[in-house]
Amino acid sequence: MTAYPPARISHPETGEVADPRVEALVNEVIGRVADKWTMLILEVLAEHGETRFTRVGELVGGISQKMLTQTLRQMERDGLVVRTVHPVIPPKVEYRLTDLGFTLAEAFCGVWTWAEANIDRIEAARAAFDARK
Numbered sequence: 001m002t003a004y005p006p007a008r009i010s011h012p013e014t015g016e017v018a019d020p021r022v023e024a025l026v027n028e029v030i031g032r033v034a035d036k037w038t039m040l041i042l043e044v045l046a047e048h049g050e051t052r053f054t055r056v057g058e059l060v061g062g063i064s065q066k067m068l069t070q071t072l073r074q075m076e077r078d079g080l081v082v083r084t085v086h087p088v089i090p091p092k093v094e095y096r097l098t099d100l101g102f103t104l105a106e107a108f109c110g111v112w113t114w115a116e117a118n119i120d121r122i123e124a125a126r127a128a129f130d131a132r133k
């Protein structure tokens, strides 16, 4: 059993201290999806459905085979993807999002919507900041 430090966050509505397991999971999930590869793989699998390993890499673009393998393994461990190995030669390995993976992809669609709605404001703020230097 893992020992968790006391939670630092309180529930925004009730003020009750958060379950330290939930806080740890939130921190892990944010760290995982903040990783650009996880987000891009989520997007590829949500858009293309079950996809071969090599095709996932092609669609993501710029990812090494090692990083693709590591990211997919972690996503599989977290229950976000299912890995299917077909007993053929050469081996055929496919990945697809689980229901849990789809819900995470949907949750982070809001980030895309927010970015689209605010890109001009962000770029203006960056330009103003850079001009002050």
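Under UniProt numbering, the first residue of the sequence shown carries the number 1, and numbering increases by one thereafter.
Note that the Cβ used here is the ideal one computed from N, Cα and C, for glycine as well.
Cβ-Cβ distance between residue i and residue j below 7 Å
i      : j      : result
Ala105 : Leu42  : yes
Glu94  : Arg52  : yes
Leu80  : Leu100 : yes
Beta-carbon proximity list for residue i, same chain, < 8 Å, skipping 5 on both sides
i     : result
Gln65 : Gly57
Met63 : Here the sequence assigns Ile to residue 63, which means Met is not the residue at that position. Trp37, Leu40, Gly57, Thr71.
Contact set for residue i: own chain, Cβ-Cβ below 6 Å, skip 5 residues either direction
i     : result
Val82 : Arg96, Thr98
Residue range of the unbroken beta strand (DSSP E) whose run includes residue i
i     : result
Lys92 : 92-97
The alpha helix (DSSP H) enclosing residue i, as first and last residue numbers
i     : result
Val56 : 53-60
Val44 : 36-48
Thr84 : Here Thr84 belongs to no alpha helix (DSSP H); instead the beta strand (DSSP E) covers 81-86.
Thr69 : 65-77
Residues near residue i by beta carbon distance below 7 Å, same chain, minus five either side
i     : result
Glu13 : none
Val85 : Pro91, Val93
Whole-Å CB distance - residue i paired with residue j, under 8 Å assumed
i     : j     : result
Val60 : Val44 : 6 Å
C-alpha distance - residue i paired with residue j, whole-angstrom precision
i      : j      : result
Ala117 : Ala124 : 13 Å
Met75  : Asp35  : 12 Å
Glu50  : Phe102 : 12 Å
Ile119 : Ala131 : 18 Å
Val26  : Asp19  : 11 Å
Glu47  : Thr54  : 16 Å
Gly31  : Arg73  : 16 Å
Lys133 : Ile122 : 17 Å
Gly15  : Arg21  : 17 Å
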